[in-house]
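Worksheet for the structure shown next.
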Amino acid sequence: MSGAGPPPRGEDAGGSWRPSASWDVLRLRAALLARIRSWFAARGLLEVETPVLSAAGTTDPQIESFTTRYCGPGAPYGRTAYLHTSPEFPMKRLLAAGSGSIYQICRVFRQGEAGAHHNPEFTLVEWYCIGADHHTLMDEVQGLIAEVLAGSRSLGEPERLSYRTAFERHVGVDPHGANPAQLRTCAARHGLETGAGLGDRDADPWRDLLLSHLVVPHLGRGRLSLLYDYPASQASLARVRPGDPPVAERFEVFLDGMELANGFHELADA
(Lines of atoms letter the chains of each structure in order from A; the text may use other names.)
(Lines give C-alpha, C1' and ligand atoms only; values in the text may rest on other atoms or scores of the structure.)
Protein backbone atom coordinates (compact mmCIF):
# COMPACT_ATOMS: atom_id res chain seq x y z
CA MET A 1 0.00 0.00 0.00
CA SER A 2 1.25 3.50 -0.75
CA GLY A 3 0.02 7.05 -0.54
CA ALA A 4 -0.90 9.10 -3.58
CA GLY A 5 0.12 12.69 -4.12
CA PRO A 6 -1.66 15.39 -6.10
CA PRO A 7 -1.59 15.39 -9.91
CA PRO A 8 1.42 17.11 -11.55
CA ARG A 9 1.44 20.89 -11.93
CA GLY A 10 3.19 23.37 -14.14
CA GLU A 11 4.65 22.88 -17.59
CA ASP A 12 4.75 19.07 -17.28
CA ALA A 13 1.09 18.83 -16.32
CA GLY A 14 -0.15 17.85 -19.78
CA GLY A 15 -3.06 15.53 -20.36
CA SER A 16 -0.91 12.47 -21.14
CA TRP A 17 -0.84 11.33 -17.50
CA ARG A 18 -4.61 10.97 -17.36
CA PRO A 19 -6.02 7.42 -17.57
CA SER A 20 -7.77 6.58 -20.82
CA ALA A 21 -10.54 4.62 -19.06
CA SER A 22 -13.43 6.57 -17.56
CA TRP A 23 -14.48 6.07 -13.94
CA ASP A 24 -17.73 4.54 -15.18
CA VAL A 25 -15.78 1.94 -17.17
CA LEU A 26 -13.52 1.14 -14.21
CA ARG A 27 -16.52 0.69 -11.90
CA LEU A 28 -18.26 -1.48 -14.49
CA ARG A 29 -15.12 -3.59 -14.87
CA ALA A 30 -14.82 -4.09 -11.10
CA ALA A 31 -18.48 -5.15 -10.88
CA LEU A 32 -18.02 -7.49 -13.85
CA LEU A 33 -15.02 -9.22 -12.27
CA ALA A 34 -16.99 -9.66 -9.04
CA ARG A 35 -19.86 -11.30 -10.97
CA ILE A 36 -17.47 -13.62 -12.78
CA ARG A 37 -15.88 -14.72 -9.51
CA SER A 38 -19.31 -15.24 -7.97
CA TRP A 39 -20.37 -17.35 -10.96
CA PHE A 40 -17.36 -19.63 -10.61
CA ALA A 41 -17.72 -19.86 -6.82
CA ALA A 42 -21.35 -20.96 -7.19
CA ARG A 43 -20.11 -23.86 -9.33
CA GLY A 44 -17.44 -24.91 -6.89
CA LEU A 45 -14.38 -23.86 -8.88
CA LEU A 46 -11.35 -22.76 -6.88
CA GLU A 47 -9.65 -19.50 -7.86
CA VAL A 48 -5.88 -19.90 -8.24
CA GLU A 49 -2.91 -17.70 -9.09
CA THR A 50 0.15 -18.98 -10.92
CA PRO A 51 3.48 -17.31 -11.82
CA VAL A 52 3.57 -14.74 -14.61
CA LEU A 53 7.27 -15.40 -15.27
CA SER A 54 8.41 -18.73 -16.67
CA ALA A 55 11.69 -20.33 -17.69
CA ALA A 56 10.46 -21.04 -21.23
CA GLY A 57 8.30 -19.31 -23.80
CA THR A 58 5.11 -20.54 -25.42
CA THR A 59 5.14 -23.66 -27.59
CA ASP A 60 2.43 -22.23 -29.87
CA PRO A 61 4.08 -21.29 -33.19
CA GLN A 62 1.42 -18.63 -33.82
CA ILE A 63 2.18 -16.72 -30.59
CA GLU A 64 5.40 -14.97 -29.53
CA SER A 65 6.39 -14.43 -25.90
CA PHE A 66 7.73 -11.27 -24.30
CA THR A 67 11.16 -11.75 -22.74
CA THR A 68 12.82 -10.11 -19.76
CA ARG A 69 16.03 -10.66 -17.80
CA TYR A 70 16.54 -12.02 -14.30
CA CYS A 71 19.79 -11.33 -12.42
CA GLY A 72 20.24 -12.51 -8.86
CA PRO A 73 20.69 -15.59 -6.68
CA GLY A 74 21.01 -18.67 -8.84
CA ALA A 75 21.78 -16.63 -11.96
CA PRO A 76 24.87 -14.47 -11.33
CA TYR A 77 25.29 -13.88 -15.05
CA GLY A 78 21.60 -13.43 -15.65
CA ARG A 79 19.12 -15.56 -17.52
CA THR A 80 16.21 -14.96 -19.84
CA ALA A 81 12.70 -15.22 -18.44
CA TYR A 82 9.39 -15.11 -20.30
CA LEU A 83 6.07 -13.43 -19.54
CA HIS A 84 3.33 -16.01 -19.88
CA THR A 85 0.98 -15.93 -22.87
CA SER A 86 -1.54 -17.93 -20.84
CA PRO A 87 -1.52 -19.68 -17.44
CA GLU A 88 -2.30 -23.04 -19.06
CA PHE A 89 0.75 -25.09 -18.12
CA PRO A 90 1.11 -24.10 -14.45
CA MET A 91 -2.63 -24.60 -14.02
CA LYS A 92 -2.31 -28.09 -15.49
CA ARG A 93 0.39 -28.82 -12.93
CA LEU A 94 -2.18 -27.98 -10.26
CA LEU A 95 -4.72 -30.25 -11.93
CA ALA A 96 -2.22 -33.10 -12.06
CA ALA A 97 -1.57 -32.58 -8.33
CA GLY A 98 -5.27 -33.05 -7.55
CA SER A 99 -6.58 -29.48 -7.35
CA GLY A 100 -9.99 -30.27 -8.80
CA SER A 101 -11.76 -27.77 -11.07
CA ILE A 102 -9.99 -24.39 -11.04
CA TYR A 103 -10.06 -20.97 -12.67
CA GLN A 104 -7.84 -17.91 -12.91
CA ILE A 105 -8.28 -14.29 -13.96
CA CYS A 106 -4.93 -12.82 -14.91
CA ARG A 107 -2.99 -10.51 -17.19
CA VAL A 108 -1.25 -12.22 -20.11
CA PHE A 109 1.26 -10.92 -22.65
CA ARG A 110 1.60 -11.65 -26.36
CA GLN A 111 4.28 -10.04 -28.48
CA GLY A 112 3.27 -8.33 -31.71
CA GLU A 113 -0.50 -8.42 -31.14
CA ALA A 114 -1.87 -4.91 -31.51
CA GLY A 115 -4.89 -3.71 -33.43
CA ALA A 116 -8.61 -3.08 -33.27
CA HIS A 117 -9.24 -6.46 -31.62
CA HIS A 118 -5.87 -7.25 -30.03
CA ASN A 119 -3.59 -5.82 -27.38
CA PRO A 120 -0.14 -7.08 -26.32
CA GLU A 121 -1.34 -7.12 -22.69
CA PHE A 122 -4.86 -8.17 -21.75
CA THR A 123 -6.95 -9.92 -19.10
CA LEU A 124 -7.73 -13.58 -19.64
CA VAL A 125 -10.15 -15.92 -17.85
CA GLU A 126 -8.90 -19.51 -17.94
CA TRP A 127 -10.64 -22.46 -16.33
CA TYR A 128 -10.60 -26.25 -16.23
CA CYS A 129 -13.52 -28.48 -15.27
CA ILE A 130 -12.73 -32.04 -14.24
CA GLY A 131 -14.62 -34.64 -16.29
CA ALA A 132 -16.06 -32.14 -18.80
CA ASP A 133 -15.95 -32.68 -22.56
CA HIS A 134 -16.12 -29.85 -25.07
CA HIS A 135 -19.92 -29.93 -25.28
CA THR A 136 -20.22 -29.53 -21.50
CA LEU A 137 -17.73 -26.67 -21.67
CA MET A 138 -19.83 -25.00 -24.36
CA ASP A 139 -22.73 -25.06 -21.90
CA GLU A 140 -20.47 -23.46 -19.29
CA VAL A 141 -19.25 -20.72 -21.63
CA GLN A 142 -22.82 -19.90 -22.66
CA GLY A 143 -23.75 -19.60 -18.99
CA LEU A 144 -20.83 -17.33 -18.15
CA ILE A 145 -21.44 -15.02 -21.10
CA ALA A 146 -25.15 -14.84 -20.22
CA GLU A 147 -24.14 -13.82 -16.69
CA VAL A 148 -21.72 -11.18 -18.00
CA LEU A 149 -24.30 -9.69 -20.38
CA ALA A 150 -27.27 -9.89 -18.00
CA GLY A 151 -29.12 -6.59 -17.89
CA SER A 152 -27.04 -4.99 -20.63
CA ARG A 153 -27.79 -6.93 -23.80
CA SER A 154 -30.26 -9.62 -24.82
CA LEU A 155 -29.26 -12.26 -27.36
CA GLY A 156 -31.15 -14.80 -29.40
CA GLU A 157 -30.88 -18.53 -28.86
CA PRO A 158 -27.24 -19.63 -29.31
CA GLU A 159 -26.38 -21.65 -32.40
CA ARG A 160 -23.98 -24.56 -32.43
CA LEU A 161 -22.56 -25.74 -35.70
CA SER A 162 -19.72 -28.01 -36.62
CA TYR A 163 -16.70 -26.69 -38.49
CA ARG A 164 -17.84 -28.73 -41.50
CA THR A 165 -21.40 -27.37 -41.40
CA ALA A 166 -20.17 -23.78 -41.18
CA PHE A 167 -17.94 -24.22 -44.23
CA GLU A 168 -20.61 -25.97 -46.25
CA ARG A 169 -23.12 -23.23 -45.38
CA HIS A 170 -20.96 -20.14 -45.94
CA VAL A 171 -18.22 -21.31 -48.31
CA GLY A 172 -19.77 -24.24 -50.16
CA VAL A 173 -16.95 -26.72 -49.54
CA ASP A 174 -16.22 -29.64 -47.23
CA PRO A 175 -13.15 -28.42 -45.29
CA HIS A 176 -12.17 -31.95 -44.25
CA GLY A 177 -12.40 -33.52 -47.69
CA ALA A 178 -11.00 -30.75 -49.90
CA ASN A 179 -7.28 -30.74 -50.70
CA PRO A 180 -5.18 -27.52 -50.74
CA ALA A 181 -5.60 -27.02 -54.49
CA GLN A 182 -9.38 -27.31 -54.18
CA LEU A 183 -9.41 -24.86 -51.28
CA ARG A 184 -7.29 -22.44 -53.35
CA THR A 185 -9.82 -22.68 -56.17
CA CYS A 186 -12.62 -22.04 -53.69
CA ALA A 187 -10.82 -18.94 -52.38
CA ALA A 188 -10.40 -17.62 -55.92
CA ARG A 189 -14.07 -18.25 -56.66
CA HIS A 190 -14.95 -16.02 -53.70
CA GLY A 191 -12.56 -13.29 -54.82
CA LEU A 192 -9.90 -13.83 -52.16
CA GLU A 193 -6.25 -13.11 -52.91
CA THR A 194 -4.64 -16.44 -53.80
CA GLY A 195 -1.06 -15.31 -54.34
CA ALA A 196 -0.24 -15.00 -50.65
CA GLY A 197 2.35 -17.78 -50.71
CA LEU A 198 0.12 -20.31 -48.96
CA GLY A 199 1.15 -23.06 -51.34
CA ASP A 200 -0.57 -26.33 -52.14
CA ARG A 201 1.10 -28.61 -49.58
CA ASP A 202 -0.92 -27.85 -46.44
CA ALA A 203 -4.69 -27.38 -46.26
CA ASP A 204 -4.71 -25.57 -42.92
CA PRO A 205 -3.55 -22.13 -44.16
CA TRP A 206 -6.31 -22.22 -46.74
CA ARG A 207 -8.87 -23.33 -44.17
CA ASP A 208 -7.80 -20.46 -41.92
CA LEU A 209 -8.07 -17.97 -44.79
CA LEU A 210 -11.56 -19.14 -45.73
CA LEU A 211 -12.66 -19.28 -42.11
CA SER A 212 -11.53 -15.75 -41.26
CA HIS A 213 -12.84 -14.11 -44.45
CA LEU A 214 -15.96 -16.07 -45.36
CA VAL A 215 -17.22 -17.85 -42.24
CA VAL A 216 -16.44 -15.76 -39.16
CA PRO A 217 -18.09 -12.55 -40.47
CA HIS A 218 -21.42 -14.44 -40.44
CA LEU A 219 -21.05 -15.78 -36.90
CA GLY A 220 -22.53 -14.35 -33.73
CA ARG A 221 -25.03 -12.00 -35.36
CA GLY A 222 -27.50 -11.24 -32.60
CA ARG A 223 -26.65 -14.48 -30.82
CA LEU A 224 -23.67 -16.57 -29.78
CA SER A 225 -22.25 -18.92 -32.40
CA LEU A 226 -20.28 -21.92 -31.15
CA LEU A 227 -18.12 -23.61 -33.77
CA TYR A 228 -16.89 -27.10 -32.83
CA ASP A 229 -15.13 -30.25 -34.09
CA TYR A 230 -12.17 -28.67 -35.88
CA PRO A 231 -9.85 -30.54 -38.27
CA ALA A 232 -7.62 -33.05 -36.46
CA SER A 233 -4.57 -31.20 -37.79
CA GLN A 234 -5.60 -28.21 -35.64
CA ALA A 235 -6.02 -30.19 -32.42
CA SER A 236 -3.20 -28.54 -30.43
CA LEU A 237 -3.79 -30.07 -26.95
CA ALA A 238 -7.38 -31.18 -27.64
CA ARG A 239 -8.40 -34.81 -27.95
CA VAL A 240 -8.89 -36.18 -31.45
CA ARG A 241 -12.05 -38.25 -31.91
CA PRO A 242 -11.56 -41.12 -34.38
CA GLY A 243 -13.88 -41.20 -37.35
CA ASP A 244 -14.15 -40.35 -41.02
CA PRO A 245 -12.79 -37.77 -40.78
CA PRO A 246 -11.20 -37.65 -37.32
CA VAL A 247 -11.89 -34.31 -35.63
CA ALA A 248 -10.38 -32.28 -32.81
CA GLU A 249 -12.75 -31.93 -29.84
CA ARG A 250 -12.36 -28.18 -29.47
CA PHE A 251 -14.58 -25.15 -30.05
CA GLU A 252 -14.57 -21.38 -30.45
CA VAL A 253 -17.29 -18.91 -29.46
CA PHE A 254 -18.18 -15.88 -31.57
CA LEU A 255 -20.27 -12.77 -31.06
CA ASP A 256 -20.61 -9.98 -33.63
CA GLY A 257 -18.12 -11.73 -35.89
CA MET A 258 -15.40 -11.79 -33.23
CA GLU A 259 -13.97 -14.69 -31.22
CA LEU A 260 -14.68 -14.38 -27.49
CA ALA A 261 -13.51 -17.74 -26.17
CA ASN A 262 -12.22 -21.16 -27.05
CA GLY A 263 -12.17 -24.48 -25.27
CA PHE A 264 -10.82 -28.02 -25.54
CA HIS A 265 -11.72 -31.49 -24.41
CA GLU A 266 -8.21 -31.63 -23.03
CA LEU A 267 -5.67 -34.35 -23.53
CA ALA A 268 -4.86 -36.05 -20.25
CA ASP A 269 -1.59 -37.65 -21.35
CA ALA A 270 0.22 -34.88 -23.26
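Letter 236 of the sequence shown, counting from 1, is numbered 236 in this note's numbering, and no numbers are missing.
No residue lacks a Cβ here, since even glycine has one placed at the ideal position from N, Cα and C.
Pull up the DSSP beta-bridge partners for residue i, would you.
{"i": "L161", "result": "L227"}
{"i": "N262", "result": "E252"}
{"i": "L155", "result": "Its beta-bridge partners do not exist; DSSP assigns none."}
{"i": "S54", "result": "Y82"}
{"i": "L45", "result": "For L45, which the question treats as bridged, DSSP gives no partner whatsoever."}
In the DSSP assignment, the beta strand (DSSP E) including residue i goes from what residue to what residue?
{"i": "Q104", "result": "I102 to F109"}
{"i": "W127", "result": "E121 to Y128"}
{"i": "P76", "result": "A75 to L83"}
With distances taken from CA atoms, which of the options is nearest residue i?
{"i": "G156", "options": "R43, E49 and L255", "result": "L255"}
{"i": "Y70", "options": "I63, A55 and H118", "result": "A55"}
{"i": "L226", "options": "G172, D202 and Y163", "result": "Y163"}
{"i": "N179", "options": "P231, R27, L192 and E193", "result": "P231"}
{"i": "Q111", "options": "L26, S65 and P246", "result": "S65"}
{"i": "E252", "options": "D139, T68 and G243", "result": "D139"}
{"i": "E147", "options": "G263, R35 and E266", "result": "R35"}
{"i": "L32", "options": "A187, I145, D244 and R221", "result": "I145"}
{"i": "H118", "options": "G263, E259 and A268", "result": "E259"}
{"i": "T68", "options": "L83, V240, S20 and W39", "result": "L83"}
Terminal residues of the continuous alpha helix (DSSP H) containing residue i?
{"i": "R239", "result": "Looking at the DSSP string, R239 is not in any alpha helix (DSSP H), and its letter there is neither H nor E."}
{"i": "T68", "result": "Segment T67 to G72 is the beta strand (DSSP E) holding T68; no alpha helix (DSSP H) there."}
{"i": "W39", "result": "W23 to A42"}
{"i": "E140", "result": "H134 to L149"}
{"i": "Q182", "result": "P180 to R189"}
{"i": "R93", "result": "E88 to A96"}
{"i": "R221", "result": "First-last for R221: undefined, no H or E at that position."}
{"i": "L209", "result": "A203 to L210"}
Could you round the C-beta distance between residue i and residue j to whole angstroms and report it? I think they count as a contact, below 8 Å.
{"i": "E249", "j": "H176", "result": "That belief does not hold up - the Cβ atoms of E249 and H176 are roughly 15 Å apart, past 8 Å."}
{"i": "H170", "j": "H213", "result": "That pair is no contact at about 10 Å."}
{"i": "Y103", "j": "L45", "result": "5 Å"}
{"i": "D204", "j": "R184", "result": "Not quite, the Cβ-Cβ distance comes to about 13 Å (not below 8 Å), so this is no contact."}
{"i": "L224", "j": "P158", "result": "4 Å"}
{"i": "E266", "j": "A238", "result": "7 Å"}
Measuring only from the beta carbon, is residue i closer than 8 Å to any heavy atom that is part of the ligand ZN?
{"i": "T68", "result": "Ligands are entirely absent from the displayed structure, and the ligand ZN is therefore not among its contents."}
TODO: Inspect the CB distances between the segment 120-130 and the segment 79-89 and report whether three or more fall short of 8 Å.
DONE: yes
Task: Sufficient close CB pairs (3 or more, under 8 Å) joining the segment 73-80 to the segment 103-117 - done: no
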